[in-house]
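See structure below.
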Amino acid sequence: MLPTIPGGWTLRDVPVGDRTFRLELPADPDLFLDDPDVLAANARDDYMPYWAFLWPSAVPTAEALLQFAPWPVGTRVLELGCGLGLVGLAALARGDDVLFTDHDPICLNSLERNAALNSLPAPDTLQLDWRVPLNQTFPVIVGCEVTYDANMHPVLLDLLDKMLSPDGLCWFSDPGRFQAPRFCKLASERGYNVRVLNSRGEECAAPSEQGFQILELRHRV
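As numbered in the working numbering, residues 94 to 314 make up the sequence shown, in order.
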């Protein structure tokens, strides 16, 4: 049973490459912005219901996972800030072993429903605060539009320091925000090899502010 939310839930078919994912998602996510509980949480700790929106990079990130993810099928994958879960569901559909994480428990509650709608296995979920990393490592970490806030860049990199396997790979997708070059610079300074890939998996010379890209990080050896 999905929790009650402002505006209720609706079903939407989301084309991703050659397949279509069916998601149950908020019918009008903007209604959260006037919800008394959300306003109170925002006043308390700047909470925003980011999970309720299907962000622009979600579809191309899911397509990239299905079309040219470089890790073997069946790899253990950690998704940060999973939100509505499209990216992680694409990884599940690919055959990966996915741990969906988000700071907001409401979206985690919806993932079992969305996995079932797409005839996928019941998802493994965990509420995760990036400031409190798990004491375990993953060979692959993915995140869709998680680098938008420069104040969180050190926090994300601290998490990768602890949770990305020594020979692991991280994909952070980005729609071309101006923060991407700053994040890549800091990641390089922190000891990561950084590559920028376009929507076809081709390497780019530098991060862009013009369109979708994947920021690929590996520990520098």
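No residue lacks a Cβ here, since even glycine has one placed at the ideal position from N, Cα and C. None of the values given here were measured: they were computed from a predicted structure.
Cβ-Cβ distances below 7 Å link V239 to L173, G174, L249, F265 in the same chain, with the five nearest sequence neighbours on each side left out; the list follows chain order. Shortest Cα-Cα distance from G269 to any of Q306, A155, G167 involves Q306. With contacts defined as CB atoms closer than 7 Å, P96 and L124 fail to qualify as a contacting pair.
Under DSSP, E172 forms a beta bridge with F193, V235. By the CB criterion at 7 Å, D189 and T168 fall inside the cutoff.
Looking only at Q229, N211, L279, the smallest Cα-Cα distance to H246 is reached by L279. Annotation for Q160: the continuous alpha helix (DSSP H) segment containing it runs 151–161. CA-CA distance, L171 to D242, rounds to 20 Å. Bounds of the alpha helix (DSSP H) holding D251 are 246–256.
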